[in-house]
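These notes concern the structure reproduced below.
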Amino acid sequence: MSAYADHIATVRARFDAALSATGYDSVLIYAGQPRVAFLDDNPAPYKVNPLFKYWVPVIESPKSAIFYEPGNKPVVFLFKPRDFWHAEVKIPVEEWQEHVELVVIDEQDKMTAWLGDKLKSAAFIGEDFAEPVASWPVKARNPANLIDHLHFHRAIKTEWEVGNLREANKLAAKAHIAARDAFMSGASELEIHHAYLAAINFRECQVPYNSIVALNEHGAVLHYDVYETQAPAESRSFLIDAGALYRGYCADITRTYARKPGFFADLIAAMDVAQQELLTEIKPGINYYELHVSQHLKIAKILSEFGFVKGSAESIYEQGYSSAFFPHGLGHFIGLQVHDVGGFLANDRGDTIARDSRHPFLRLLRDVEVGQAFTIEPGLYVVDQLLEAHQGNSDFNWQRIDELRPYGGVRIEDSIVVGENGRNENLTRDAFAALGV
Ligand code: GLY
Ligand code: MN
Ligand code: MN
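Structural data, given as structure tokens:
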């Protein structure tokens with residue numbers, strides 16, 4: 001069986017179980033359509049419904065839909081309008097078409113006519129802000145129990161999905177190298193951003209999230225997505241968090257660079273060691289929360305060793321000091337979505353795992369299982385808003401922190417696929433290694 005054949009068989013089985021558990025005969029998954037700006041007719045970039053691209057690697061066919069009734073082949077209604085305003089939608093012959101019934105439609109009403117009464121017992125999943133979708137006589141719209149069931153099981157990737165994640169990482173790694181080289185040659189943030197996109201022939205709306213291209217102190221802004229057009233007088237440091245998409249699957253990679261050897265380069269090296277040590281602790285059965293705490297302790301040790309904060313790693317963590325420097329979560333599931341779903345689900349019935357107020361931004365609280373894909377992305381930054389709470393605290397070496405501020409901070413982010421007994425695959429480092437980095 002090919003990897004895709006195996007994948008779609010798994011998706012079918014997961015939908016069979018979810019529909020049976022929640023009492024629906026069938027499901028209609030709408031791909032979505034672009035929204036237009038307020039009082040305008042310009043569309044925003046279109047992003048397909050993730051549960052649509054879970055079935056078929058078709059990400060640029062708005063107004064399409066998939067109907068699935070257990071026992072029958074999924075029916076893909078591919079929307080191909082007769083329209084002289086836009087370029088024709090091309091449908092290359094690909095393997096997925098052997099596993100579905102393909103119905104090309106040029107009007108959405110043709111789909112509803114084809115489905116007839118079946119629509120009335122179907123659960124609808126998708127956005128329904130536009131007509132005629134808003135008026136389709138379906139049984140339920142986006143039922144939470146059905147979606148939770150599907151989201152819980154999406155955490156375990158099929159081989160085909162892992163293959164796509166691997167390719168997405170290869171693309172992103174190639175672009176990261178181009179961005180690093182642009183930084184080293186003194187480029188502005190916008191020039192680096194363009195170098196990244198050009199290296200993989202992507203347009204801006206094709207990357208899975210706004211790339212973070214941050215020089216100097218901008219590295220401390222966690223979701224910095226301003227692209228300065230002028231290079232700073234001195235480019236000291238560079239933090240880039242940027243991904244790529246392959247067949248609908250996402251890469252999400254962060255690297256940090258120093259322009260010159262010295263204290264910041266040493267800090268990057270220490271964070272790299274701490275991240276790689278953490279990677280050795282990923283084993284089925286351990287809870288992701290434990291990994292997060294373990295990474296905090298390693299960062300607390302770095303804070304102490306580099307003289308930013310006084311005390312042992314344990315005391316720095318216990319007093320909450322490390323959270324001032326590493327405020328975000330260790331990582332998240334990754335797949336069809338950058339922040340892939342299901343990180344708080346305790347089971348497929350939709351029970352949730354309570355968030356911990358100590359680590360409110362941690363998006364993944366599940367036990368580690370073979371086949372999960374997630375990121376590991378420790379960071380250490382000078383975020384003045386967070387340091388304000390510790391003002392006047394003599395455990396903090398403010399002079400040393402002042403030395404770090406002009407560099408922003410460090411983050412290193414890889415994507416991992418969990419294997420048996422710690423035999424994990426690091427999609428990101430493998431991608432860089434294949435390029436000789
Ligand atoms: N790029 C967003 C994140 O790392 O979660
Ligand atoms: Mn991430
Ligand atoms: Mn990232």
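In case it helps, the UniProt record's numbering puts the sequence shown at residues 1 to 437.
The beta-carbon is built from N, C-alpha and C at its ideal position, and this holds for glycine as well.
Close Cβ partners of residue i (< 6 Å) along its chain, the five nearest in sequence each way excluded
i, result
"residue 418", "368, 370, 372 and 424"
"residue 170", "431"
"residue 46", "34 and 62"
"residue 259", "235 and 236"
"residue 247", "57 and 164"
"residue 289", "365"
"residue 404", "382"
"residue 275", "378 and 412"
Through-space distance from residue j to residue i, alpha-carbon basis
i, j, result
"residue 7", "residue 164", "12 Å"
"residue 304", "residue 281", "22 Å"
"residue 283", "residue 162", "18 Å"
"residue 225", "residue 215", "11 Å"
"residue 348", "residue 149", "4 Å"
"residue 271", "residue 153", "33 Å"
"residue 345", "residue 136", "30 Å"
"residue 195", "residue 242", "12 Å"
"residue 485", "residue 253", "Lying before the first or after the last residue shown, residue 485 is absent from the chain, which here runs from 1 to 437."
"residue 53", "residue 11", "11 Å"
"residue 142", "residue 123", "7 Å"
"residue 25", "residue 84", "38 Å"
"residue 201", "residue 353", "41 Å"
"residue 232", "residue 302", "29 Å"
"residue 146", "residue 127", "15 Å"
"residue 285", "residue 339", "22 Å"
"residue 186", "residue 178", "13 Å"
"residue 207", "residue 244", "5 Å"
"residue 306", "residue 411", "16 Å"
"residue 314", "residue 168", "38 Å"
"residue 118", "residue 125", "15 Å"
Backbone secondary structure at residue i - three-state DSSP
i, result
"residue 224", "coil"
"residue 422", "helix"
"residue 409", "strand"
"residue 373", "strand"
"residue 393", "coil"
"residue 210", "coil"
"residue 415", "strand"
"residue 239", "strand"
"residue 229", "coil"
"residue 387", "helix"
"residue 352", "strand"
"residue 379", "strand"
"residue 362", "coil"
"residue 435", "coil"
"residue 156", "strand"
"residue 202", "coil"
"residue 340", "coil"
"residue 326", "coil"
"residue 179", "helix"
"residue 173", "helix"
"residue 319", "coil"
Residue i - partner residues in DSSP beta bridges
i, result
"residue 251", "244"
"residue 165", "Answer is none; residue 165 lacks a bridge partner."
"residue 367", "287"
"residue 333", "374"
"residue 404", "BP columns for residue 404 are empty, so no partner."
"residue 427", "Paired residue(s): none; residue 427 is not in a bridge."
"residue 215", "238"
"residue 345", "352"
Beta-carbon proximity list for residue i, same chain, < 8 Å, skipping 5 on both sides
i, result
"residue 324", "383, 386, 387, 389 and 390"
"residue 120", "137, 138 and 139"
"residue 230", "188"
"residue 129", "35"
"residue 15", "27, 68, 70 and 150"
is_contact[residue i, chain C] using C-beta, thresh 8 Å
i, result
"residue 194", "Looking for chain C here will not work: only one protein chain is present."
Residues near residue i by beta carbon distance below 7 Å, same chain, minus five either side
i, result
"residue 409", "219, 220, 239, 379, 380, 381 and 382"
"residue 158", "6, 7 and 10"
"residue 317", "296, 297 and 300"
"residue 2", "95"
"residue 361", "327, 328 and 329"
"residue 426", "279, 414 and 416"
"residue 222", "328"
At which residue ranges does the UniProt domain "Xaa-Pro dipeptidase N-terminal" (3-152) contain complete beta strand (DSSP E) runs of 3 or more residues, listed in the order of the chain? 26-30, 65-68, 75-79, 101-105 and 122-125
In chain order, which continuous runs of the beta strand (DSSP E) of length 3 or greater are located wholly inside the region 245-315? 249-258
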